[in-house]
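Protein chains in written order, with the numbering used here: chain A, 1 to 255; chain B, 1001 to 1255.
Ideal Cβ placement from N, Cα and C applies to all residues, glycine included.
2 protein chains.
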Amino acid sequence: MPATARSARPPVLTPGRPLYEEVRAHLTEGVAAGRWKAGEAIPSEADLAAHFGVAIGTIRKAVDSLVAQGTLLRRQGKGTFVTAHDGRRLMFHFFHIVGADGAKAYPEVRTASFERGRADAAEAAALAIVRDERVIRIRNVLSLDGRAVIVDDITLPAALFPGLTERIFTARDNTIYHLFQSRYGINVLRTDERLRATLASGPTAALLGLPAGAPLLEIRRVAITFRDRPVELRVSRVNTASHVYHNTFGKGEAI
Amino acid sequence: MPATARSARPPVLTPGRPLYEEVRAHLTEGVAAGRWKAGEAIPSEADLAAHFGVAIGTIRKAVDSLVAQGTLLRRQGKGTFVTAHDGRRLMFHFFHIVGADGAKAYPEVRTASFERGRADAAEAAALAIVRDERVIRIRNVLSLDGRAVIVDDITLPAALFPGLTERIFTARDNTIYHLFQSRYGINVLRTDERLRATLASGPTAALLGLPAGAPLLEIRRVAITFRDRPVELRVSRVNTASHVYHNTFGKGEAI
DNA sequence: AAGTGGTCTAGACCACTAG
DNA sequence: TAGTGGTCTAGACCACTTC
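Here is the structure:
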């Protein structure tokens, strides 16, 4: 069959852009809409090819990009699955504090406060909501190697997290992004971070056991899901006396 | 022709791993060895397919990964080129300081000192050289919007940069990584960064016009080329009063 | 018109997982 | 043994660049 003679396909694939992009968009929509939930398998490549009326190679190209993006996960012989945020996957995808020697460390989290309020101007701008919209504010203290090292101030749009209580929040046995996903169907796709150096003061200094004037690394992170929707604002203050923020650029594997 | 009946191919492709990985390794080797220089075109996909004795689709898969890695660059209708570090490509790939409002800014660079010396223990460890090996130390002051904001202390293994003088270094009209590439054939593939918060003191404070005790963001970066070879150690100290370090994780494009 | 990369097809066989 | 993803082929046509 020549490449141009496409057979009839149930879902309308609007022309103008490559088929694999159409397929990719449909798959992404399916995940975002919860048609396939985190950890579940999507249909086999052969089924998808039949469903969309395209060759299996086109399906593979679409799935490839979603695997690269982190939305899907392939397991040879088993199937293709929606990525689940358990198993510490995003733990280290989005947590970049390591020991000064580069050793990874799992933080121990304690929730210091959990309150409801209304968005101020900065929060509203970061979360793409209107001012005075309801938000949830959480303060966590993270310890590494038994010492308090990080203070996290988290702001969530309350509308996205109905029924979230301190009890539910602290009872989670996994990362916060896993909670987002398992309870609210929110997949964090990417984060945007801005880092500054500041000086310790007030309650933050006290929580970290530091004198006023000690240097702190401040990380202002916005977590983003499908359709560029911000779902979380998190301001972290890190004592970098014995831990550092670690980061690599470029996907170059050795030859 | 069935998939298993491969025709004779001049370069021996060792079995055991996928053909496209073999091809990828050969292409990477060619770039690393300078067979095709930065900005030059590699052979066409059809030529490569004939040369390696594989299908064009296999070549495409190998090239795809090198394009994703940033080593190669495709231009439809023209060819596939070795990425050149001019045109500010790596400028913003590896320079992450932006205005507090997120606006990109081009730094103005002034070289404050250029000296030769011998590696101390920390430099030797970071650059994978032996202690007391010859190094070049450069101190740059970077200004954004007319104000000194960053002090860079750069350490280079002298063996990798023969004949590098302050005159050559400061005469460059482009980024330092472009100089690495154009004069020494060194392609920076990736960087490893560790960030801490520190306090301003001594000459750094003076260069930035800050009082002692002001908070500074310290970035310790190692630049890495093929075969995981470190080629540069750079310690940057950034005044984040009106600029921030910006960073995103996750390649998620909107649906 | 010729040459390049970009998309897509149809089908083969291999490697892994499960019943 | 059946079903899944992983690799690879051979060839078609399209879109872009250059002459």
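Note down, in chain order, each residue of its chain lying with its Cβ closer than 7 angstroms to the Cβ of A:D145, except the 5 sequence neighbours on either side. Within the first sequence, residue 145 of chain A is the residue found at index 145, counting from 1. The beta carbon of A:D145 lies closer than 7 angstroms to those of A105 in the same chain, with the five residues before and after it left out.
If you draw a straight line from the alpha carbon of B:V1151 to that of A:A122, how long is it in whole angstroms? The sequence position of residue 1151 of chain B within the second sequence is 151, counting from 1. The sequence position of residue 122 of chain A within the first sequence is 122, counting from 1. B:V1151 and A:A122 have their C-alpha atoms spaced approximately 30 angstroms apart.
With DSSP as the reference, identify every bridge partner of B:K1104, one or two as the case may be. Here residue 1104 of chain B corresponds to residue number 104 of the second sequence, with the count starting at 1. Partner(s): B:V1098.
Residues sharing a beta bridge with B:T1111, DSSP: Position 111 of the second sequence holds residue 1111 of chain B. Paired residues: B:N1140.
Closest residue to B:V1244 among B:G1250, B:R1024, B:V1149 and B:V1222 (Cα-Cα distance): Along the second sequence, read from residue 1 onward, the residue named residue 1244 of chain B stands at position 244. With distances taken between Cα atoms, B:V1244 lies closest to B:V1149.
Does the pairing of the segment 33 to 41 of chain A with the segment 70 to 89 of chain A give three or more beta-carbon distances under 8 angstroms? With the rule of 3 Cβ pairs closer than 8 angstroms, the segment 33 to 41 of chain A counts as touching the segment 70 to 89 of chain A.
Looking at the structure shown, is B:V1023 part of a helix, part of a strand, or coil, going by DSSP? Your numbering for residue 1023 of chain B matches position 23 in the second sequence. Of the three classes helix, strand and coil, the one that applies to B:V1023 here is helix, per DSSP.
The beta strand (DSSP E) that contains A:R60, what's its start and end? Residue mapping note: residue 60 of chain A aligns to position 60 of the first sequence, counting from 1. In the DSSP assignment, A:R60 falls outside any beta strand (DSSP E) and within the unbroken alpha helix (DSSP H) covering I56 to Q69.
What's the gap between the Cα of A:T225 and the Cα of A:I138? Position 225 of the first sequence holds residue 225 of chain A. Position 138 of the first sequence holds residue 138 of chain A. Note on geometry: alpha-carbon atoms of A:T225 and A:I138 lie some 20 angstroms from one another.
Whose Cβ in chain A lies nearer than 7 angstroms to the Cβ of B:P1215? For the purposes of this step, residue 1215 of chain B is taken as residue 215 along the second sequence, with counting starting at 1. Ordered by position in chain A, the residues that pass the 7 angstroms Cβ test against B:P1215 are A197, T198, L199 and P215.
Determine whether the beta carbon atoms of B:A1200 and B:A1214 lie at a separation below 7 angstroms. The residue labelled residue 1200 of chain B in the question sits at position 200 within the second sequence. The residue labelled residue 1214 of chain B in the question sits at position 214 within the second sequence. It is a contact, given that the beta carbons lie within the stated cut-off.
Measure the Cβ-Cβ separation of A:P107 and A:L164 and say whether it is below 7 angstroms. The residue labelled residue 107 of chain A in the question sits at position 107 within the first sequence. The residue labelled residue 164 of chain A in the question sits at position 164 within the first sequence. No, these two residues do not count as a Cβ contact at 7 angstroms.
Cα separation between A:I136 and A:G117? Numbered from its first residue, the first sequence carries residue 136 of chain A at position 136. Numbered from its first residue, the first sequence carries residue 117 of chain A at position 117. Approximately 6 angstroms, taken between the alpha carbons.
Measuring straight from C-alpha to C-alpha, what distance separates B:I1168 and A:A205? The count along the second sequence starts at 1 and reaches residue 1168 of chain B at position 168. The count along the first sequence starts at 1 and reaches residue 205 of chain A at position 205. In this structure, the CA atom of B:I1168 is about 47 angstroms from the CA atom of A:A205.
Enumerate, from N- to C-terminal direction, the unbroken alpha helix (DSSP H) stretches of 4 or more residues contained entirely within the segment 123 to 184 of chain A. For the segment 123 to 184 of chain A, the continuous alpha helix (DSSP H) assignments of 4+ residues that do not extend past its boundaries occur at 166 to 171 and 176 to 184, in sequence order.
Quick one: measure Cβ to Cβ for A:F94 and A:T191, integer angstroms, because I've assumed they're closer than 8 angstroms. In the first sequence, counting from the first residue as 1, residue 94 of chain A sits at position 94. In the first sequence, counting from the first residue as 1, residue 191 of chain A sits at position 191. About 6 angstroms; that satisfies the 8 angstroms criterion.
What is the DSSP secondary structure of A:T204, counted as helix, strand or coil? As a first step, residue 204 of chain A must be located in the first sequence, where it is residue number 204. A:T204 sits in a helix when the DSSP states are folded into three classes.
If I measure Cβ to Cβ from A:S113 and keep anything under 6 angstroms in the same chain, skipping five residues before and after, which residues do I get? Numbered from its first residue, the first sequence carries residue 113 of chain A at position 113. Within the same chain, R139 come within 6 angstroms of A:S113 by CB-CB distance, once the 5 residues on both sides are set aside.
Close-in-space but distant-in-sequence residues of the same chain around B:G1087 (CB under 8 angstroms, 5 per side omitted): Counting from 1 along the second sequence, the entry for residue 1087 of chain B is found at position 87. Confidence at B:G1087 is low in this model, with a pLDDT of 48, below 50, so its placement is unreliable and no value can be given for it.
Leaving aside the five residues before and after A:L189 along the sequence, list all residues of the same chain whose C-beta is less than 8 angstroms from its C-beta, in chain order. Within the first sequence, the letter at position 189 stands for residue 189 of chain A. Result list for A:L189: Q69, G70, T71, I224, T225 and F226, in chain order.
Would you say A:L72 lies against chain B (beta-carbon separation less than 7 angstroms)? The residue given as residue 72 of chain A occupies position 72 in the first sequence. Nearest CB-CB separation between A:L72 and chain B: not below the 7 angstroms threshold.
For A:L199, which residues does DSSP report across the bridge? Start at 1 with the first residue of the first sequence, and residue 199 of chain A comes out as number 199. According to DSSP, which records beta bridges pairwise, A:L199 is partnered with A:P215.
For B:H1246 and chain A, any beta-carbon pair shorter than 7 angstroms? By one-based count along the second sequence, residue 1246 of chain B stands at place 246. Answer yes: the Cβ-Cβ gap between B:H1246 and chain A drops below 7 angstroms somewhere.
In the structure shown, what three-state DSSP assignment does A:E193 receive? Mapped onto the first sequence, residue 193 of chain A falls at position 193. Secondary structure of A:E193 (DSSP, three-state): strand.
Do A:L127 and A:P230 have their C-beta atoms closer together than 7 angstroms? Translated into the one-based positions of the first sequence, residue 127 of chain A becomes position 127. Translated into the one-based positions of the first sequence, residue 230 of chain A becomes position 230. In this structure, the beta-carbon distance from A:L127 to A:P230 falls below 7 angstroms.
Using the beta-carbon count (16 or more within 10 Å), is B:N1239 buried or exposed? One-based indexing of the second sequence puts residue 1239 of chain B at position 239. Buried, since its Cβ has 16 or more Cβ neighbours within 10 Å.
Only counting the same chain, and skipping five residues up and downstream in sequence, which positions put a Cβ closer than 6 angstroms to that of B:L1073? As a first step, residue 1073 of chain B must be located in the second sequence, where it is residue number 73. So the qualifying residues of the chain are F1081 and T1083.
May I ask you to report which of helix, strand or coil DSSP gives A:S75? Position 75 of the first sequence holds residue 75 of chain A. One detail in the question is off: residue 75 of chain A reads as Arg in this sequence, not Ser. Looking at A:R75 - three-state DSSP - the assignment turns out to be strand.
If the criterion is Cβ atoms closer than 7 angstroms, does the pair A:I257 and A:P157 meet it? Residue numbering for chain A in the displayed model covers 1 to 255; residue 257 of chain A lies beyond these limits and cannot be assessed.
Would a check of beta-carbon distances place B:L1066 closer than 7 angstroms to chain A? Position 66 of the second sequence, counted from the first residue, corresponds to residue 1066 of chain B. With 7 angstroms as the cut-off, B:L1066 does not count as an interface residue toward chain A.
Quick one: give me the first and last residue of the alpha helix (DSSP H) that A:H51 is part of. Numbered from 1 along the first sequence, position 51 holds the residue referred to as residue 51 of chain A. Per DSSP, A:H51 belongs to the alpha helix (DSSP H) from E45 to F52.
Work out the CA separation of A:R194 and B:G1099 for me, nearest whole Å. Looking up residue 1099 of chain B in the second sequence gives position 99. Looking up residue 194 of chain A in the first sequence gives position 194. If you take the alpha carbons of B:G1099 and A:R194, they lie about 10 angstroms apart.
Check whether the Cβ of A:T83 lies closer than 7 angstroms to any Cβ atom in chain B. Within the first sequence, residue 83 of chain A is the residue found at index 83, counting from 1. No, because no Cβ of chain B sits closer than 7 angstroms to the Cβ of A:T83.
6 angstroms CB neighbourhood of A:A241 in its chain, flanking five on each side removed: For the purposes of this step, residue 241 of chain A is taken as the residue at position 241 of the first sequence. Correct list: empty, nothing qualifies.
How far does the beta strand (DSSP E) with B:P1230 in it reach, from first residue to last? Here residue 1230 of chain B is taken as the residue at index 230 of the second sequence, counted from 1. Its beta strand (DSSP E) spans residues R1229 to V1238.
Cβ neighbour criterion (16 or more within 10 Å) applied to B:E1232: Here the question's residue 1232 of chain B lines up with position 232 in the second sequence. Its Cβ being crowded by 16 or more others within 10 Å, B:E1232 is buried.
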